Structures are given as C-alpha cells and as structure tokens.
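Data block below; observations after.
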Amino acid sequence: MRSANGLFLVSSLIWGSTWFVIRYQLGVVAPEVSVAYRFALAAALLLAICAVRGVGLRYAPRAHALMAAQGAFMFAINYVLIYHSERFLTSGLVAVVFSVIVIFNIVGLRVFFAQPIQFKMIAGAMCGVGGVALLFWPELARFEGDAKEATGLALATVATFIASIGNLVAAHNHRLGLPIQASTGFAMLYGALMVGAWVVVTGVPWSFAATPSYLLSLAYLAVFGSVVAFVAYLTLAGDIGADRAGYVGVVTPVVALLLSTALEGYHWTMPAIFGAVLCLGGNALILKKKDPSSSARAAKGAA
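Heads up, the sequence shown is in my numbering, so the first residue is 31 and it goes up one at a time.
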C-alpha cells in the first residue's frame, strides 16, 4: 500500500536535488533543447514501462487532447518561461515565486472543481510562502524592481500560474480514470514535441554535449527528476488533492538548501532558520489528516 508521506518525500527530495543537477545541463546546449531531450527521454521510458506492464496505450482523441493540454501546461510552457525568468532573476527569487503555486492550486480547485477552501489550507500555504521568502531573504532584499527584474518576475509568475493549470488538468485527467503513468508519459511526449516546435520556430540551435556530466545529468533529470518524481507527485495529488500536494513546491527549496549545506558549505542565517521552521510548520498543518471522529460527528449531524 502506497504512503502519502512516502510519495511526498520522494518528490520533494528528488526535486530538491535537481537544482544542482540542472547546473550540469547549462553551457553548450540551450535550456529549451535540454528540456525537450529530458521529457522526450522520460516519455519514452514511461510509455515503455506501461507497454511492458500491459497498461493500455490506446485512447480516444478527447483523452489525447486532455493529455496534450497537461503536457503544454506542465511540461512545456512553464519550463520555457521559468528558464527565461532566470535570465533576469536569481534562482532564489524564482523559487519564492514558484512556491505560490500552492495558493494557485487551492484557488483553482475552488473555481474549477467547487472544492471548499479550508482555513488550515490557506494558513499552511501562507506559512510556506512566507518561509520560502525568508529562506531567500538576502536575494529578496536586493530586488530593485527595475525593467529587467520586473520582466523576470512577470515571467516567473505566469510560469507558476501555468504550472498550476497543469496540476488542475492532471487532476481532471485522474478523475476521468486515465492511468497516471500512461497519461503522464503521453503528456511528457506532447510537452517535448511542443518545446521542440518552440526551438524550431524561435531559431534556437539544436546541439548536444556528449560529455559525461551532461549525459549523466540528463539521465538523472529524465529518470528521477521526471519519471519517478512526477509519477510520485501526480499519484500523491490524486490521493490527497492538488492543493495539499502542491506544498511540495514549498518543501523543495528547503531540501535544496540542506543539500547545499552538505555539499557546498551553505551557512544558515536566522531568517533562513526561521523560514525553514515556517515551511515545515505549514507542511504539518496542510498535510494533517482529518480527525476521523470529527468526520464521523459531521456525518452524524448531517444525517
């Protein structure tokens, strides 16, 4: 039996580590091209796993349209925009903006699925976003809001909003009964094709770096950062809801800084320590299980 805590931990730990691995992708190969390679490889692996396991891969055109929409929002547009936002903002500021996805998910589920908004969800989300802001307080303090930074901020915000839409489309696909592994595989395939089309239209040069660092980082991002992490995350979202699962975006920066402490000698400041406490406190609040007795009392009262 799968554990929600285990799925949350897997996706958080892997995505926290990808911050470092992505560095080995930068240089010779354009970011958009690397994204296309990453998701094309991940899609091929996921769909091959489905074929071996006997998971059906034939779907109606409407299902493919929904999987293509998930691919566009979750694996294409938001990644391109995030990469371009980092041309103008530091990665820490982008992480702060992306943590707002937990709030976007809560509001989106209310608007599109009529899911009630609980106070603990909003409180936990605000704690998380505030905690991430404190983690990267020095970078926030240097933000001046000039034209370049404003552009980066706009790109990161739009990317986060689009990623949230991708979460909602994935939730819709899950409710329709589309298998997570197969639908994610096709969504990654469509996402890779869309990013590839962007590369061609914008004239970004296709290139490849046959170096050990690039090949190993690409393999890690495709296998663990894409196949394992996204399947774990989307399974988690299907089990506990996209609003609660979205908190992975808050915990990921904490994991990244913990790894930076071990690998790069990162020194923790008081704001960063307080920020991590806030993130973990919000995590405990937003992932807290409902009290069975209170649910029973509510059901009895409704009867």
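Note that beta-carbon positions come from the ideal geometry of N, C-alpha and C, so glycine has one too. Computed from a predicted structure; not experimentally measured.
Determine, using beta carbons only, whether residue i and residue j come nearer to each other than 8 Å.
i      : j      : result
Ile316 : Arg274 : yes
Phe134 : Ser194 : yes
Phe254 : Ile44  : yes
Gly101 : Gly221 : yes
Met218 : Ala60  : no
Val257 : Leu76  : yes
Val63  : Val231 : no
Gly196 : Phe69  : no
Leu289 : Gly46  : yes
Leu208 : Ala95  : no
Please identify the residue among the options whose C-alpha is closest to the C-alpha of residue i.
i      : options                        : result
Leu206 : Tyr67, Tyr89, Phe69, Ser64     : Tyr89
Ile270 : Thr232, Ala201, Leu123         : Ala201
Tyr67  : Gly196, Leu288, Tyr244         : Tyr244
Lys178 : Val85, Ile79, Phe118, Gly312   : Phe118
Leu185 : Ile79, Gly161, Asn108          : Asn108
Gly182 : Ser121, Ala240, Ala144         : Ser121
Val234 : Ile52, Val58, Leu37            : Val58
Gly312 : Trp236, His204, Thr241, Val159 : Val159
Ala314 : Ala180, Val281, Leu287         : Val281
Thr214 : Thr241, Phe105, Gln148         : Phe105
Pro283 : Ser33, Thr48, Arg140           : Thr48
Ala240 : Ser33, Tyr54, Ala272, Pro146   : Tyr54
Val34  : Ala272, Val82, Arg140, Pro242  : Per the sequence presented here, residue 34 reads as Ala, with Val not at that position. Nearest option by C-alpha distance: Ala272.
Leu287 : Pro242, Trp236, Gly161         : Gly161
Hey, would you say the C-beta of residue i is under 7 Å away from at least one heavy atom of the ligand SAM?
i      : result
Val124 : This structure does not include the ligand SAM; it has no bound ligands of any sort.
Hey, residue i and residue j are a contact pair by Cβ (cut 8 Å); roughly how many whole angstroms apart?
i      : j      : result
Phe216 : Met97  : 4 Å
Phe50  : Leu123 : Not a contact, Cβ separation roughly 18 Å.
Leu56  : Val126 : Between Val126 and Leu56 the Cβ distance is about 21 Å, and since that is not below 8 Å, they are no contact.
Ala99  : Val199 : 5 Å
Val85  : Ala212 : 5 Å
Ser41  : Ala259 : 5 Å
Point to revise | the region 236-251 / the region 113-120 touching (three or more Cβ pairs under 8 Å) | key: no
**Study point:** Inter-stretch contact at 8 Å, needing at least 3 Cβ pairs: the region 302-313 / the region 253-266
**Key:** no
Review point. Would you say the region 164-176 touches the region 219-232, given that touching needs at least three Cβ pairs under 8 Å?
Key: no
Review point. Does the region 147-159 come close enough to the region 274-289 to have 3 or more Cβ pairs within less than 8 Å?
Key: yes
Check your understanding: Any chance the region 81-95 sits against the region 182-192, with 3 or more Cβ pairs inside 8 Å?
Key -> no
Check your understanding: Can we say the region 290-298 touches the region 123-139, given the rule of at least three CB pairs closer than 8 Å?
Key -> no
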